[in-house]
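In what follows, a structure is listed as structure tokens, so that the remarks can point back to it.
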Amino acid sequence: MNTGAFITTCRRLGAGERDPEVADQAFLAVADTMTVRYAIPFPATVQRTFDRRDTPSRTRRGQWHEMVQHLTDLNYLSIDTFQLWHQARAGNQEPPPKILLSVVEAVGRFVAEDDYPGYALIPSFPRGHLSGRLDWVEEYIVTVVYRLALYTSFDGDTEVRPRYRIGEQTAYGRSLAFRLRVYFHHYRRQFSRQRTTYLEWEHLPLLYQLDNSLGGTYKELLPERDAVFLHVSLQELLLNGPKLFDAFRRANKFLPNASGDYYLQYRIAEADGDTDEMSRREEKLARRADRRIRRSELHADTGGNHLGIRLLQLALWRSGFYTGMLDGDFGPVSHRAVLALVAQERDHGDWKDRKLDRVVVKATEAGSWLVDLKLVGRLLDAYAPPGEAEAEREENEIWDSLRASGREDVLDQRFAERQREVSMAYGQPEQHPFRRVYFGLRSLIRGAFRAVGRIVAWVAGAVETILGAVFDFVKALAKRLQEGIGLFFTGFRYFGHFLLGRPFVSLGNPVGQTHPVMITRYRIDFDVVNLVDAAVSDDDLLRHRAYIRRMTEGAVYFLDTTIAVIRLIATLQPPMGWLRLGVLVARCVRDLLRREGETVPVV
Amino acid sequence: MAENKSFGDFINDMTSLDVVTLTGNLTVEVNNLQDSDGDDKPLKFTRIMQQLEGNILKKDSRISALAATHVSIDKDTVTFVKENLSPEEAVYLDFHNETVKAAGIARAAMADGIAKLLLGSRK
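So the protein lines, in turn, are chains A and B.
Those letters in the first sequence? Residues 1 to 603, by the UniProt record's numbering.
Those letters in the second sequence? Residues 1 to 123, by the UniProt record's numbering.
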């Protein structure tokens with residue numbers, strides 16, 4: 001089935017047709033075609049998400065990995081658990097039951113601490129057996145990850161809270177504490193695995209240290225000893241990476257229009273540097289770098305915690321170039337990230353080569369390099385996350401470029417394989433448990449948009465460079481599919497049961513070579529038929545009852561979402577690739593998730 | 001209501017709610033539920049239904065009604081229950097009664113869903 005046929009089916013559903021042929025077409029598209037195209041199982045269940053023999057579950061597993069990272073960053077999960085999770089992933093194994101239990105319990109704690117109004121629309125997180133809680137996580141993973149990602153984003157996605165109280169034990173308090181760990185903890189030290197969970201009074205001196213690094217700009221806003229609230233400007237500073245980077249650059253006078261210069265000298269092992277013979281221009285630049293070093297025209301002080309370097313790493317990480325730890329240590333991974341940024345800008349940016357030559361310069365001394373932080377900061381300004389409307393426009397342009405290149409079909413066919421090519425860029429967290437993947441959607445879209453030509457070339461198989469735009473594109477697309485198609489698939493089960501007359505079927509424990517069967521069917525005229533085998537046990541019947549109860553509780557939420565998606569698809573104009581259709585569905589789903597956070601009163 | 005009617009036709013049928021619980025011989029064979037290329041694949045829904053339809057249509061299928069409940073629009077409720085229920089069958093009656101309760105909730109969700117599907121109304 002192609003997208004044109006699916007769009008027609010959605011139009012017929014939206015027009016009120018429900019003869020068996022329409023229903024069959026819809027199920028064929030979702031359960032067969034889309035399952036394979038998007039690498040997401042239908043129905044999305046625990047068994048199939050982690051069943052590695054059942055191939056279409058890679059995208060779904062990716063969402064679990066994202067969830068585990070967010071839960072770790074917010075200290076609902078320990079670093080050790082995070083590492084064990086990824087060791088299982090890297091070993092192509094299912095997560096061990098003990099680790100899975102930790103993750104599910106962590107979700108329960110998060111949901112209890114998060115004040116998202118949208119939770120009022122879905123059943124409460126269950127207590128009791130692991131299986132029931134696992135089912136809940138599978139059912140509502142999109143909502144949970146959507147919320148978690150807001151708390152760990154550096155794109156300014158987290159709204160500041162004027163009524164936030166210092167020390168309060170909420171997901172928001174964890175989010176603020178997470179920022180302080182990123183900006184101040186040195187992860188390589190032993191204490192790094194023991195982390196405080198919430199922003200507490202003991203952290204307040206760090207805010208004074210932060211203000212020192214920012215030249216005392218925020219001195220008047222710092223909390224005093226008896227303060228209860230934290231000023232919203234300080235909250236915003238912690239939550240918004242580009243804003244903090246700007247404040248640091250302003251304080252150190254290296255914003256684009258400032259008169260000052262700001263160079264960072266670093267040394268890396270020769271093997272990691274460029275050992276090729278220098279060109280005349282490179283020699284000239286190296287001599288200039290030597291002079292700067294001799295005259296100490298450097299700002300070696302980037303804060304006691306190397307805040308300046310951390311912020312630079314953060315900006316490179318958001319834009320898809322940096323895959324190391326945010327540790328303030330400018331080593332080979334940071335070096336490669338800056339080189340990758342310059343290389344991408346050389347191919348796709350606005351600057352002339354001679355200017356780009358000056359961004360990062362090798363000094364004469366072996367292994368010594370000088371990076372011009374003013375220039376690199378200006379380059380990174382182009383990667384700051386755009387607003388929602390701008391991000392949508394840029395995302396459209398990326399897809400328009402793919403279509404214009406004639407490569408959209410190729411990507412559609414091969415995304416699953418090509419997606420694997422970027423796996424090394426994820427930083428091997430099983431070995432490096434403090435490395436992170438960035439999931440801020442607007443930053444990823446901007447990063448991809450910055451070098452669309454590179455994405456088109458990658459799809460054509462002509463580019464091997466992954467860091468930067470390609471990495472951002474793959475992450476953004478995978479995230480879109482996880483969120484949009486993931487929720488649609490879950491919701492389509494409800495749609496089938498409640499609006500297309502598909503029966504709920506449970507199999508009892510086997511009796512010899514046969515299974516007793518329990519069936520409940522909701523018909524559209526509201527009649528209900530139960531068919532129960534005489535040999536079912538009480539346990540069988542209890543499980544079937546629990547199944548029906550759970551589905552009924554989620555019916556309003558999922559019917560609402562699924563119908564909105566079907567109505568959207570009915571308006572689309574073929575021809576259109578499946579991946580692009582997935583992106584449009586994801587936008588609709590994200591819009592619903594956002595609105596559910598705004599329109600429903602807190603319960 | 002016939003299956004090939006549209007969502008719009010349901011309005012004429014929604015004045016009442018009927019829940020029927022049937023019991024009998026409703027087993028399916030384990031081996032026929034899985035794909036031929038491996039024994040670890042998920043159970044195939046369509047095969048379950050095909051088997052069941054085959055079983056139910058047999059002359060000796062022994063399907064019988066255990067309970068039926070009719071709920072009219074003014075909420076008058078009438079339930080018919082098979083005579084002389086055995087203790088085992090009493091469990092099914094609990095299940096039947098719970099289904100009646102759940103049907104009320106599902107009914108609201110379904111009516112809301114149909115309205116949104118046809119009219120696009122959103123909260």
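Positions of the beta carbon are idealized from the N, C-alpha and C atoms, including for glycine.
Only a predicted model underlies this, so the values are computations on that prediction, with no experimental measurement involved.
- The Cβ atoms of residue 560 of chain A and residue 116 of chain B lie closer than 8 angstroms to each other.
- Under DSSP, residue 24 of chain B forms a beta bridge with A:533.
- For residue 83 of chain B, no Cβ of chain A is located within less than 8 angstroms of the residue's own Cβ.
- Interface criterion met: the Cβ of residue 522 of chain A is under 8 angstroms from a Cβ in chain B.
- Per DSSP, the unbroken alpha helix (DSSP H) holding residue 344 of chain A starts and ends at 332–348.
- Interface annotation for the segment 61–81 of chain B against chain A: empty, criterion Cβ-Cβ distance under 7 angstroms.
- With respect to residue 67 of chain B, residue 96 of chain B sits close: the two C-beta atoms are nearer than 8 angstroms.
- One thing to note: residue 290 of chain A has its Cβ within 8 angstroms of the Cβ of residue 363 of chain A.
- Within the same chain, Cβ atoms closer than 6 angstroms to the Cβ of residue 412 of chain A are found at 577, 578, 579, the five residues on either side in sequence being excluded.
- Boundaries for residue 214 of chain A: no beta strand (DSSP E) harbours it, and the DSSP string shows neither H nor E there.
- With a threshold of 16 other beta carbon atoms within 10 Å, residue 591 of chain A falls short and is exposed.
- Just measuring C-alpha positions, the residue of A:86, A:64, A:446 sitting nearest residue 104 of chain A is A:64.
- Beta-bridge partners of residue 362 of chain A (DSSP): A:369.
- The beta carbon of residue 24 of chain A sits no closer than 8 angstroms to any beta carbon of chain B.
- The beta carbon of residue 22 of chain B falls within 8 angstroms of a beta carbon belonging to chain A, placing the residue at that interface.
- The beta carbons of residue 195 of chain A and residue 181 of chain A sit about 6 angstroms from each other, so the pair counts as a contact at 8 angstroms.
- Excluding the 5 residues flanking it on each side, residue 533 of chain A has same chain C-beta neighbours closer than 6 angstroms at 516, 517, in chain order.
- Using a Cβ distance threshold of 8 angstroms, residue 292 of chain A and residue 370 of chain A count as a contacting pair.
- Just measuring C-alpha positions, the residue of A:92, A:209, A:176 sitting nearest residue 198 of chain A is A:176.
- Nearest C-alpha to residue 19 of chain A among A:562, A:539, A:496: A:496.
- The alpha-carbon of residue 103 of chain B is positioned some 15 angstroms away from that of residue 500 of chain A.
- At a cut-off of 8 angstroms, the C-beta of residue 25 of chain B has a neighbouring C-beta in chain A.
- For residue 26 of chain A, the closest of A:587, A:322, A:421, A:488 by C-alpha to C-alpha distance is A:488.
- Residue-level contact check: residue 591 of chain A does not touch chain B, since none of the beta carbons of chain B fall below 8 angstroms from its beta carbon.
- Between residue 92 of chain A and chain B, the shortest Cβ-Cβ separation is not below 8 angstroms.
- When the alpha-carbon of residue 162 of chain A is set against those of A:415, A:234, A:83, A:33, the nearest one is in A:234.
- At least one CB atom of chain A sits nearer than 8 angstroms to the CB of residue 102 of chain B.
- Residues of chain B with a Cβ closer than 8 angstroms to the Cβ of residue 563 of chain A are, in chain order, 113, 116, 117.
- Per DSSP, the continuous beta strand (DSSP E) segment holding residue 72 of chain B begins and ends at 64–72.
- In terms of Cβ geometry, residue 109 of chain B and residue 556 of chain A form a close pair [threshold 8 angstroms].
- Our two residues, residue 326 of chain A and residue 343 of chain A, have alpha carbons roughly 22 angstroms apart in a direct line.
- The residues 447, 468, 471, 472, in chain order, have a CB closer than 6 angstroms to that of residue 320 of chain A in the same chain once the five nearest residues on each side in sequence are set aside.
- No Cβ-Cβ contact shorter than 8 angstroms links residue 395 of chain A with residue 466 of chain A.
- Put simply, the CB of residue 17 of chain B is near chain A, with a gap under 8 angstroms to one of its CB atoms.
- Taking 8 angstroms as the cut-off, the Cβ atoms of residue 248 of chain A and residue 213 of chain A count as close.
- Apart from the 5 residues on each side of it in sequence, residue 17 of chain B sits with its Cβ closer than 7 angstroms to the Cβ of 71, 103, 107 in its chain, given in chain order.
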